[in-house]
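Q:
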Amino acid sequence: MREKKKLLAVLSAVFVCLLGVWGLLLFTEDGSAGRIHGQTEENINAAAANGTEDGTETDTEAGAKGGAKNGTGNEAEAAQAVESAGATAGENAGNKDGEAADADTGTEDSVCVLADFTPDEVERVEIRNAAGDYVIVSADAAAWQDFGEAAGENPAAQGFMLAGYEKYRQDREALDTTVRLLSSVTATQLYERDFDKEKFGLEEPAATVEIFGKGETITLYLGSWNESAAVWYAMKEGEEGLYCVSRGIGDRMTQTPLALLDMTLIPAFDVESEEMTKRLTRVLVERPDLEEPLEIVASTGSVDAYTSPYELVSPVHVKTSLKAVREQIGSLFGLSAKKAAGVYDAKEASVYGLDRPSMVMTIEHDDRELTLTVGDRVREQEGEERYFICSDSDLLFIIEESRLPLFEETVDDLFFKMALLPKIDQIREVYLNLRGEEYLFALTYEGKQSGTAAAKGGAGTGGKKSKETETDDRKTGDGKNEIAADDRKVGDSKNETAASDRKTSDTRNEAAAGEEILRVTLDGEALDADLFRTFYSFLLEVDIEQINRDSHGGEPEMVLEYRRLDGKSDRLEVYRLADARRMGIVVNGEASFEGRIAYLDKLQTELSHLLAGEKIDTNW
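Have a look at this one:
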């Protein structure tokens, strides 16, 4: 590792020299400029940094290294060289009067290694900056006891931990990356000696880092940030030189210890091995704009691939949509804060709007209860970020509004837009009263389905399924995820079922070979079973657009009752609303919805087609 670094440094130095020769050819006539012509802002910002975020060196650093060899002996000139993206034209950039000067304060080789530890050699890293003093220690170091935890009890058997923050979940990746970058630092030397520390922010360093390991200690000091050159100025204890280090190094030296904590609030969900409804059982949302809270619970009854595994129980009792399961409930898993702003003091609740929260969300998951209280927007930040606190932590967090599930949604955005969805193979009778005309369809099963015919089955209603009920792409009831990926895209806000998906006329029985054949009769007269399946699918797709909040009266325009084999039944009633184009839909005497009355006109037409043995068109 170290040999590679040394080789890299040598190659970089050779490259710098070549650039220097080229740069000399680009001097202005008076010989004083010493800068590469045609530098763009992009080149400027790309150059001068001594390494990428992961500590490796880039080819674009060469310009900065040429600038680092400013031989004037003047700090201002050196700073200007860096600010010009290291675009000085060689080892002798020229002095103020235009004559070349010897590089008596420049370096023979501008590429330097300030720290050369491997992570397994590091015992601890001590950091002091504006955020305070903190220590990162090796998890398996013997010195761990010095930082308040007994040896062998550290939850991280390998890697690094933030001493004194054991009560918080720590971000092991951030800790390991910080140690890796700070323990192996390559820099560009600007001066060997004799520079003004104050001008480069090193009289009172912005940060001090001490790395302990392999029997030695290395101390680095961080000065000011040079925006145009995109570098930090730095020094090393025991040396007089001035160095430039990369943005990544400086940012790690100046970061707050809170940046090393894990911001995850709810662990992510493993699609392959976990059951969603067992991990998350209840969500309660209270917001000032809601007359009643939104409450969602895991379904206690049977859940199959065609229905949502969650139910709204407030302000109405109805199934949640699969879209809501995917986009809102599902996104609670892996929920994370953007960052921690500090330790929360309840006396400062009004400062952050937490005394008048914009949302309070209670989540029951993994056998525990978690409450998030969301306050005001972060005023000093651009964008839409908000403060919030969490019931299991004493920290004040910040999160983007877009990452907050259920922050703006209403009940109309969440409910399942199919009133009832009974499987046809569970039904013995369908009672229909449509505008005063009564029909009783009897369903029986006889014989056995052949292998070819049985393969055509769908959701018990036909081969093509509505987008709320597609099983191949939306396996929501298998007890593993109930939400899938992008293939589960439900339809629009009106029905979440596209018209093309409503065509179910080509189906047989949702069955494998060997299942019984469906027989349908009306007043003892046999009907075409395939036509009835298509008609049945249209019955299920009663047009629902929103929750109905208006009263309705009079006789219902339609009564639909599904009578199941288990003796239970589901009843749907449709009423005409004050707006003659609208209908109110009451399901089992509880939930009340609203839709277009034109659905009943279409249903009446297709009923006549069924009775006449004619093709049924479910598009409308």
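According to the numbering used here, the residues represented by the sequence shown are 59 to 678, in order.
We put the CB at the ideal spot given by N, CA and C, even for glycine.
Which parts of the segment 360–429 are runs of the alpha helix (DSSP H), unbroken and 4 residues or longer, counting only runs that do not cross its ends?
A: As far as the segment 360–429 is concerned, it has no whole alpha helix (DSSP H) run of at least 4 residues.
Q: Verify whether the separation of the beta carbon atoms of L393 and L318 is less than 8 angstroms.
A: Going by C-beta atoms, L393 is not nearer than 8 angstroms to L318.
Q: What residues in its chain sit with their C-beta under 8 angstroms from that of E443, if we drop five residues either side in the sequence?
A: Closer than 8 angstroms at Cβ, skipping near neighbours: K396, R435, V436, I456, I457, E458, E459.
Q: Nearest to V195 by CA position, among G222, V171, V169, is which residue?
A: Minimum Cα distance to V195 is reached at G222.
Q: Classify S32 as helix, strand or coil using the three-state DSSP reduction.
A: Residue 32 lies beyond the residue range present for the chain, which begins at 59 and ends at 678; the question has no answer from this structure.
Q: I'd like to know whether the C-beta atoms of L342 and V469 end up nearer to each other than 8 angstroms.
A: Cβ distance not < 8 angstroms, so L342 and V469 don't count as in contact.
Q: Closer than 7 angstroms by C-beta to L576: which residues in its own chain qualify, once you throw out the five before and the five after it? Chain order, please.
A: The answer, listed in chain order, is L501, Y503, N567, A587.
Q: Nearest to A407 by alpha carbon, out of V432, M419, D425?
A: Residue V432 is the option with its Cα nearest to A407.
Q: If I follow the unbroken beta strand (DSSP E) through F175, where does it start and stop?
A: Premise fails: F175 is in no beta strand (DSSP E) and is neither H nor E.
Q: Give every residue of the same chain whose Cβ lies closer than 6 angstroms to the Cβ of A189, excluding the five residues on either side of it in the sequence, and list them in chain order.
A: Excluding sequence neighbours, A189 sits near T314.
Q: Inspect the beta-carbon positions of D601 and G653 and report whether they are closer than 8 angstroms.
A: Result yes, Cβ atoms of D601 and G653 sit closer than 8 angstroms.
Q: Under 6 angstroms Cβ to Cβ from V645, same chain only, skipping five residues before and after it: list those, please.
A: Cβ within range, chain order: A477, L630.
Q: Taking only the alpha-carbon atoms, compute the straight-line gap between A232 and D483 and give it to the nearest angstrom.
A: So the two alpha carbons sit approximately 55 angstroms from each other.
Q: Could you check which residue in E487, V289, T378 has the C-alpha nearest to that of G259?
A: When each option's Cα is compared against that of G259, the closest is V289.
Q: Look up F446 in the DSSP assignment and give the residues it is bridged to.
A: The partner list for F446 (beta bridge, DSSP) reads V432, F455.
Q: For the beta strand (DSSP E) that contains L472, what are its first and last residues?
A: Where L472 is concerned, there is no enclosing beta strand (DSSP E), although the alpha helix (DSSP H) it sits in stretches over 469–472.
Q: Please decide whether L393 counts as near chain D, where near means a Cβ-Cβ distance under 8 angstroms.
A: Of the protein chains in the structure, only one exists, and it is not chain D.
Q: With DSSP collapsed to three states, give me the class of T244.
A: Note: T244 maps to strand in three-state DSSP.
Q: At what residues does the beta strand (DSSP E) containing R577 begin and finish?
A: R577 -> beta strand (DSSP E) spans 575–580.
Q: Take the Cβ of K336 as the centre, count every other Cβ of all protein chains shown within 10 Å, and call the residue buried at 16 or more, exposed below.
A: Exposed: under 16 other Cβ atoms inside 10 Å.
Q: Using a threshold of 8 angstroms, state whether the C-beta atoms of T378 and L472 are closer than that.
A: A contact, by the Cβ cut-off of 8 angstroms.
Q: Hey, how far is the Cα of A649 from the Cα of D424?
A: Taking the straight line from one Cα to the other gives about 30 angstroms.
Q: The alpha helix (DSSP H) that contains S683, what's its start and end?
A: What the structure shows of the chain is the stretch from 59 to 678, and residue 683 is not part of that stretch, so it cannot be assessed.
Q: Tell me which same chain residues have a C-beta within less than 6 angstroms of the C-beta of V267, skipping the five on either side of it?
A: These residues qualify, in order along the chain: I185, L240, L278, M311.
Q: Assess, as a yes-or-no matter, whether the segment 296–307 is touched by the segment 364–378 under the definition of 3 or more beta carbon pairs within less than 8 angstroms.
A: No, the segment 364–378 is not in contact with the segment 296–307.
Q: Terminal residues of the continuous beta strand (DSSP E) containing K294?
A: Counting along the chain, the beta strand (DSSP E) containing K294 begins and ends at 289–294.
Q: Report the partner residues of V180 according to the DSSP bridge assignment.
A: Answer is G271, bridged to V180.
Q: Measure the C-alpha to C-alpha separation of G281 and M417 and round it to an integer number of angstroms.
A: The straight-line gap from Cα to Cα measures roughly 43 angstroms.
Q: When the Cα atoms are used, what is the spatial distance from D320 to L390?
A: Taking the straight line from one Cα to the other gives about 16 angstroms.
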